[in-house]
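Residue numbers (my numbering): 173 to 330.
Put into structure tokens, the structure is as follows:
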């Protein structure tokens, strides 16, 4: 859901597109194609972007212009991107690859990854600023401040 746009964004697993719908009149706003079968999606209302994770990577759409701004190859079977707005980072767990890819939220540059092993699933950031990611082997927890210090090259970490 995008509160500023009063819109809902949905996708069907392994489908080739996601869709944006107006909650005001229930009309289709736009179709957002993604090669590789959509696994999950994340809306980032602060920067007006839609992230579509898929089998092989991620497509990023600018919701202001309706244009795809980046298509990137990441791991295999990528899960929903987790936005760390405070540190301007995005974390993308990859189930088969067994890594959490770390991206710069502004430039979408891949900054590195965290190796955890096969089976990553869902993640979130807690009120205490912890990145929590579930996996087949258990649950992983990371301090987002420490991750920002590790991955932000400009070292201007809030």
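We put the beta carbon where it would ideally sit given N, CA and C, even for glycine.
Quick caveat: nothing in here was measured; it's all calculated off a predicted structure.
Chain D within 8 Å of residue 217, Cβ atoms only: No chain D appears in this structure, which consists of one protein chain only.
Beta-carbon spacing of residue 186, residue 200 below 8 Å: Taking 8 Å as the cut-off, the Cβ atoms of residue 186 and residue 200 do not count as close.
Nearest-angstrom Cα separation, counted from residue 289 out to residue 197: Rounded to the nearest angstrom, the gap between the Cα atoms of residue 197 and residue 289 is 45 Å.
Terminal residues of the beta strand (DSSP E) in which residue 179 lies: 179-183
8 Å contact criterion, which residue 173 and residue 215 should meet: CB distance rounded: Indeed they touch by this definition, with Cβ atoms about 7 Å apart.
Residue ranges of each beta strand (DSSP E) within the stretch 232-301, 3 or longer: 239-245, 254-256, 261-266, 271-276, 282-287 and 292-297
Three or more C-beta pairs below 8 Å linking the stretch 314-323 and the stretch 254-268: yes
Residue 272 and residue 262 closer than 8 Å at C-beta: no
C-alpha gap between residue 144 and residue 269, whole angstroms: Any answer about residue 144 is impossible in this case: the structure gives the chain only from 173 up to 330.
Alpha-carbon spacing of residue 264 relative to residue 283, whole angstroms: 12 Å
Contact check, residue 227 vs residue 211, beta carbons under 8 Å: yes
7 Å Cβ shell around residue 195 - same chain, five flanking residues per side excluded: Only 178, 179 and 180 meet the Cβ criterion.
CA nearest to the CA of residue 229, picked from 276, 249 and 301: Among 276, 249 and 301, the Cα nearest to that of residue 229 is on 249.
Per DSSP, the bridge partner or partners of residue 306: 311
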